[in-house]
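Trainee: One structure, pasted below without further comment.
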Amino acid sequence: MKLSQPLTVVIRIPNVALSRSDLDTSLKLQVDRYEPSSRLAYAQIDNGDDEDQWAALLDLIRSIGAVIPGLLAKGEIGRPSVDVAMVFPDSLMAKYLTIPADVVAAAGEAGMGIEVSVYRGE
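Using the working numbering, you'd call the opening residue of the sequence shown number 834 and step up by one each time.
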């Protein structure tokens, strides 16, 4: 059985004490969003538009997962989270979205939390 796909998935990284270029270098990728502030920044990595977002997310987590604990330990970032967005159609009374166990395990091993964002719509 193919799991239903989320609307979007992003990895949110709060309390970034690194410059954008240093964060990109540390993660070995370019973050899609970087919002500096007077003290700490916020960064975001988009999962992309792959047909199988779960597989793409697992690859993304595995690509940066080994670096995250070190950045956390040095206080260079806050605890990242995987934000899974789903649509809750107005016509339904209930809906579910299963997050694959290997995605949850990889996120946990990398020190990431998981959040679910729900949006009303059709």
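For each residue, glycine too, the CB sits at the ideal point set by N, CA and C.
Which residue's Cα is closest to the Cα of Glu868: Leu856, Pro902 and Pro933?
Mentor: Position 35 of the sequence shown, counting from 1, holds the residue named residue 868. Among Leu856, Pro902 and Pro933, the Cα nearest to that of Glu868 belongs to Leu856.
Trainee: So, using beta-carbon positions, are Tyr818 and Ala927 closer together than 8 Å?
Mentor: Given a span of 834 to 955 for the chain in the structure shown, any question on residue 818 remains unanswerable.
Trainee: Just to confirm the assignment: which complete beta strand (DSSP E) runs, minimum length 3, are found wholly within the region 866-908?
Mentor: DSSP runs (the beta strand (DSSP E)) wholly in the region 866-908: 866-868 and 874-879.
Trainee: Leaving out the 5 sequence neighbours to the left and right, which residues in its chain are closer than 7 Å to Ala889 when beta-carbon positions are compared?
Mentor: Here residue 889 refers to the residue found at position 56 of the sequence shown. Here the set comprises Asn880, Gly881 and Asp883.
Trainee: Quick check: does the Cβ of Ile894 come within less than 7 Å of any heavy atom belonging to the ligand GTP?
Mentor: Annotation note on the ligand GTP: not contained in the displayed structure, which lists no ligands.
Trainee: List the residues that DSSP assigns as beta-bridge partners of Ala918.
Mentor: To locate residue 918, count along the sequence shown from 1; it is residue 85. Ala918 is bridged to Thr841 and Ser950.
Trainee: Here's a check: name, in chain order, each residue in its chain whose Cβ is nearer than 6 Å to the Cβ of Met834, leaving out the five neighbours to either side.
Mentor: As a working mapping, residue 834 is identified with position 1 in the sequence shown. Residue placement at Met834 is flagged as unreliable, the pLDDT there being 44, under the threshold of 50; a coordinate-derived value is accordingly withheld.
Trainee: Kindly identify the DSSP beta-bridge partner or partners of Ile846.
Mentor: Numbered from 1 along the sequence shown, position 13 holds the residue referred to as residue 846. Paired residue(s): Ala876.
Trainee: Pull up the distance between the alpha-carbon of Thr858 and that of Val849, whole angstroms please.
Mentor: Here the question's residue 858 lines up with position 25 in the sequence shown. Here the question's residue 849 lines up with position 16 in the sequence shown. Taking the straight line from one Cα to the other gives about 14 Å.
Trainee: Find out if the Cβ-Cβ distance for the pair Met945, Ile901 is shorter than 8 Å.
Mentor: By 1-based counting over the sequence shown, the position of residue 945 is 112. By 1-based counting over the sequence shown, the position of residue 901 is 68. Contact: yes.
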